[in-house]
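Asker: Have a look at this one before I ask anything.
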Amino acid sequence: MTKIDRKIDTSPKVSDEVKCTTCYMCACRCGIKVHLKDGAIRYIEGNRDHPVNRGVLCAKGAAGIMQHYSPARLSKPLKRVGPRGEAAFEEIEWEEALTIATDWLGGIRRTDPRKLAFFTGRDQSQALTGWWASQFGTPNYAAHGGFCSVNMAAAGLYTIGGSFWEFGEPDWDRSRYLMMFGVAEDHDSNPIKIGLSKIKANGAKLVSVNPVQTGYSAIADEWIGITPGADGLFVLALVHELLRAGRVDVDYLLRYTNAPWLVIDDPKGPEDGLFARDEDGHPLVWDRHKVAPRPASDVEAAPALKDAVTLPDGRRARPVFHLLAERYLDARYAPDTVAEACGISADTIRRLAAELAHAAFEEEVVVDVPWTDWAGRHHDRMIGRPVSMHAMRGISAHSNGFHTCRAIHLLQILLGSIDSPGGFRYKPPFPRPAPPAVKPAGRLDQVAPSSPLPGPPLGFPTGPEDLLVDEDGSPLRIDKAFSWEAPLSIHGMMHLVITDAWKGDPYPVDTLFMYMANMAWNSAMNTSGTIDMLTDKDPETGEYRIPRIIYADAYYSEMVAYADLVLPDTTYLERWDCISLLDRPICSAEGPADAIRQPVVQPDRDVRPFQEVLLDLGARLGLPAMVKEDGTPRYPGGYPDYIVNHERQPGVGSLAGWRGEDGDKRGRGAPNPEQLERYKENGCFWREELAPELRYFKHANRAYLTYAAERGFISHAAPITLQLYSEVLQRFRLAAQGHGAHQPPAQHRERVATYFDPLPIWYPPFEDQENDEQRYPLHAVTQRPMAMYHSWGSQNAWLRQIHGDNRLYIPRAVAEAHDLSDDDWAWLESRNGRIRAQVRIQQGLNPKTLWTWNAIGKRAGAWHLSADAGEAKTGFLLNHLIDELLPERESGYRYASADPVTGQAAWYDLRVRIEKASPVDAGESLPQFPPLPPLPGSQETPEVLRYGAAFHETTGDGGDGRKRK
Ligand code: SF4
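In structure tokens, the structure reads:
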């Protein structure tokens, strides 16, 4: 045998310096350690101490190196010098760029601040951007939630005071049964993978309800290939079965929910459907022993859950649970009735309901920790119903998603599993009151030249009086958020901004200011139409209908070509950031946490962190909270200065750790000038572990509520009652029925009355109602893959090797019916257009559903992709087929293709037909767009983008893969 004497160094020293920071390759925000050698990034590893990922790093996180060294990075501010859309720019200095922006924005602010529409994409600094918009004085602000997952947020926050994912998680350690709905691999990533591995290791059952069997569905113990948009019906059938079998947690319902609250039954009366209340406004229950109404907070009362009663004023009332049981025991929710629409057999539905009940009541888990509830009742131990649920965009992105998500919470509540051991658990700072107390600002009396708004542009309406509409009931925001079209659009309606700005409906805007939002491509519904709107000119004036567009991004995305002014951002490894409790937190159910990013390398281009630019612009514009009394910048140290010293309320700032002058305070405390240093010393994060007695039943746990109030998570330590029945929805419905001072215009009445049902309902998605089933018999959906999150993934040289183009996945029966084989080309048509794509047959797929990976298809030239890149040549976008508006009503009005309660974009309601493309057509996806040219000053893109080879051949190549000998 030949002896190999070459010594292999199995653990080579790859770095001379290691810096901690936070990953930004998806929204999970894992802790990472970045290894540097000679100042160049050599390697990224997971931070084993970090509470989010415990050292786990995914493909995206590791590929952050290629994101950082991407040749598609912008390198200098750009000013448009040719027609919009042709990417004809000249490089300018930052001073000129900021002067232009200040001139444009200053003029707007001095006259009508609403003429600025400021919208951001998947950025992670919404606490800053929302505050900036409020200081500017425009209500026209939102981030991407309106087209992402606002149905999840709104349904959760109005029902349980928390929501899936960022505000809550399954009890991974104690759950015996996890049911997931519509969860793709990007939402979320490492934390859910760690959690699922625990579920599997513990022998718990994982059921995935999803039309597509990929990713997490592929490792599920049972995959339920539901028909898209039917989830709510399926869930209510489960509720039907549980009620029919009497398998609900009555004690839990009585103690922690509004199940016993009395609902006024006074048809046509102005308070019909509202809660019966005492003189002080407290909801009432019916005491079975005293045979009289008592305040719901009276712990001595024995509340009834059924039967109508007569109130002292003579009106009739019924407990919420009575209404609920009456509705869902109806035969229209019986498994046999719903089976066909759901694509799930009645026997399967019945079996799943029985399994849920078995896990909840026969596999009860007990945590031997005493606790005291809000009413002072002592409990020797924590008794749990180990059934948990998780849902994401597959539920959210339908026009019935709000009610579907509420139905899922209703199911969890009936089982008694919300924040009980083994169930769905809140992540602090949640729960918050359902809904939180903040109202959206932007009423007519709240917007004035040169003045900030009196509050944030986004909030939680609790009745018609909170809407942002004028005396006629017409919208006050450019995206029509918080109007009668979508009253609870708590994340705004970014998907309508370009359409409405182009139409000048309800009024024209002057400047569209966007950050990290690829609205000229994969973030737009109706992409081709959106491109036309961005470039359309008024024939009379010759001016663009959207007069000015400012765009900030780190990369040459498709949207860059449509900007008049481009502000280049840094990569995530070049800047400070805070992952704040004021924003989208990274906490776990075991305790609050927040984190920072620190620059691990300095930019080698003339770029600036967008957050710094925003503060700079704020100071130049004289926004009150961004300047001192003498007019100089309040945060001269830029974003890190703001992170440390900005206080949203006295003692509450961006970061919760190491507050107070000596750094010994948590949650509340004076700014600490050493705060960022403490974070850096601690691996760039802060975490506080809850004491055992605080960890469950947080909505009703006296010790937890007291703690949350002390930390500033909630204003006071009051219990958060789970809202099976939503009085907020009923208030809107009453207005639509002609009651109260604020009523919808005639054209919206029927819609509001129908969809503002105080108990969860199911209805077919609007596109199902609008489209001819014969003509468009199939559903089409998308998902993001495990290896990519932001649209920027498709230009990442490593990640492109995993997903270099996309196919249209089709069920075998559809393939056979249309004579399609793997890699054949097909036309896909919707009422909005036609695209050509290459197909692949998939076995694990709902028989009426087609799907593809979203945002893999790219425009040639953008992202520095060559004209023959797979992403551009064979990759495709389904977005061209998705109309952002529903067909015209008789009145001529076109509603958004969105949820009628929240305005959530209904991406997954798409109906299509498929036909085989003739071979002569094959070879290229359609539509194609002219390649975008390189930007001035852009890097030369090497033929092969290779990282690290140069480290073996020479020293210090900067890590960008271009050899320098
Ligand atoms: S899961 Fe997301 S945040 Fe975590 S390492 Fe992967 S890409 Fe980064």
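With my numbering, letter number 58 in the sequence shown gets 179, and the count goes up by one each step, no holes.
Cβ atoms here follow ideal geometry from the backbone N, Cα and C, with glycine treated the same way.
1. Would you say H524 and P879 are within 8 Å of each other, going by their C-beta atoms?
2. Less than 8 Å between the CB atoms is what I'm expecting for F877 and A862, so what's the real figure, rounded?
3. Is K181 near the ligand SF4, in the sense that its beta carbon is under 7 Å from a heavy atom of that ligand?
4. Distance, Cα to Cα, L843 vs P754?
5. I599 and A622 - do their beta-carbons sit closer together than 8 Å?
6. Can you list, in chain order, the residues of its chain with a C-beta nearer than 7 Å to that of F1050? Leave out the 5 residues immediately preceding and following it.
7. Which whole runs of the alpha helix (DSSP H) in the segment 697-743 are 4 residues long or more, in chain order?
8. Under 6 Å Cβ to Cβ from Y454, same chain only, skipping five residues before and after it: list those, please.
9. Could you compute how far the alpha carbon of E782 sits from the alpha carbon of K548?
10. What do you reckon, is the C-beta of C805 under 7 Å from a heavy atom of the ligand SF4?
11. Based on Cα-Cα distance, which residue from Q247, L920, E937, N1000 lies nearest to R957?
12. Ordered along the chain, which non-local residues of its own chain (more than five positions away) have a Cβ less than 8 Å from that of G752?
13. Indicate, with yes or no, if the ligand SF4 has a heavy atom lying under 7 Å from the CB of S1101.
14. Evaluate contact between the segment 249-259 and the segment 647-667, counting only Cβ atoms and requiring at least three cross-stretch pairs below 8 Å.
15. Using CA coordinates, which residue listed in M615, K427, Y817, I213 is at the minimum distance from D727?
16. The alpha helix (DSSP H) that contains A829, what's its start and end?
17. Is L1053 helix, strand or coil by DSSP?
18. Which same chain residues end up closer than 7 Å to H911 when comparing Cβ atoms and leaving out the 5 residues on each side of it in sequence?
19. Using 8 Å for Cβ pairs, my map puts L826 next to A839. What's the rounded Cβ distance?
20. Short of 8 Å in beta carbon distance, which residues of its chain neighbour F442, apart from the five on each side in sequence? Order them along the chain.
21. Can you tell me the Cβ-Cβ gap for A1019 and M614, rounded? I've got them flagged as a contact below 8 Å.
22. How would you write the range of the beta strand (DSSP E) that P414 sits in, first residue to last?
23. Which parts of the segment 631-671 are runs of the alpha helix (DSSP H), unbroken and 4 residues or longer, counting only runs that do not cross its ends?
24. Could you pull the start and end residues of the beta strand (DSSP E) that T469 belongs to?
25. Between the C-alpha atoms of V384 and T691, what's the straight-line distance to the nearest angstrom?
26. Looking at the structure shown, is V371 part of a helix, part of a strand, or coil, going by DSSP?
27. May I ask you to check if the CB of M146 is nearer than 7 Å to at least one heavy atom of the ligand SF4?
28. Which ranges would you report for the alpha helix (DSSP H) in the segment 876-954 if only whole runs of at least 4 residues count?
29. Please name the residue, chosen from E679, D386, G712, N639, that lies closest to R546 on a Cα-to-Cα basis.
30. What is the rounded straight-line gap between the Cα of S284 and the Cα of L278?
31. What does the Cβ neighbour count give for G625, buried or exposed, with the cut at 16 atoms within 10 Å?
32. Rounded to the nearest angstrom, how far is the Cβ of P416 from that of D393, given a contact under 8 Å?
33. Buried or exposed, going by whether 16 or more other CB atoms sit within 10 Å of the CB of L565?
34. Where K1084 and A1070 are concerned, what is the direct C-alpha to C-alpha distance, given to the nearest angstrom?
35. Using DSSP with H/G/I as helix, E/B as strand and the rest coil, what is M146?
36. Per DSSP, A162 forms a beta bridge with which residues?
Answerer: For this structure:
1. no
2. Their Cβ separation, rounded to whole angstroms, is 17 Å, which puts F877 and A862 out of contact at 8 Å.
3. Yes; taking the cut-off as 7 Å, the Cβ of K181 has a heavy atom of the ligand SF4 nearer than that.
4. 45 Å
5. Remark: C-beta atoms of A622 and I599 approach each other more closely than 8 Å.
6. Excluding residues within five positions, the ones whose Cβ falls inside 7 Å are R980.
7. 731-742
8. L357, A358, H361
9. 28 Å
10. no
11. N1000
12. G743
13. In the structure as shown, the chain begins at 122 and stops at 1086. Residue 1101 is therefore absent and cannot be evaluated.
14. no
15. I213
16. 823-832
17. coil
18. R243
19. 7 Å
20. Closer than 8 Å at Cβ, skipping near neighbours: L374, A380, P381, L426, K427, L845.
21. 7 Å
22. 413-416
23. 648-656
24. Element bounds for T469: not the beta strand (DSSP E) but the alpha helix (DSSP H), 467-478.
25. 55 Å
26. helix
27. yes
28. Under the rule that a run must span 4 or more residues, the alpha helix (DSSP H) segments found entirely inside the segment 876-954 read 887-891, 933-938.
29. Considering only alpha carbons, the answer is G712.
30. 6 Å
31. exposed
32. At roughly 21 Å, the Cβ-Cβ gap does not stay under 8 Å, so P416 and D393 are not in contact.
33. exposed
34. Caution applies to K1084, whose pLDDT of 39 falls short of 50 and renders its modelled position unreliable; the model cannot decide the point.
35. coil
36. Note on residue identity: the sequence assigns Ile, not Ala, to residue 162. DSSP lists L157 as partners of I162.
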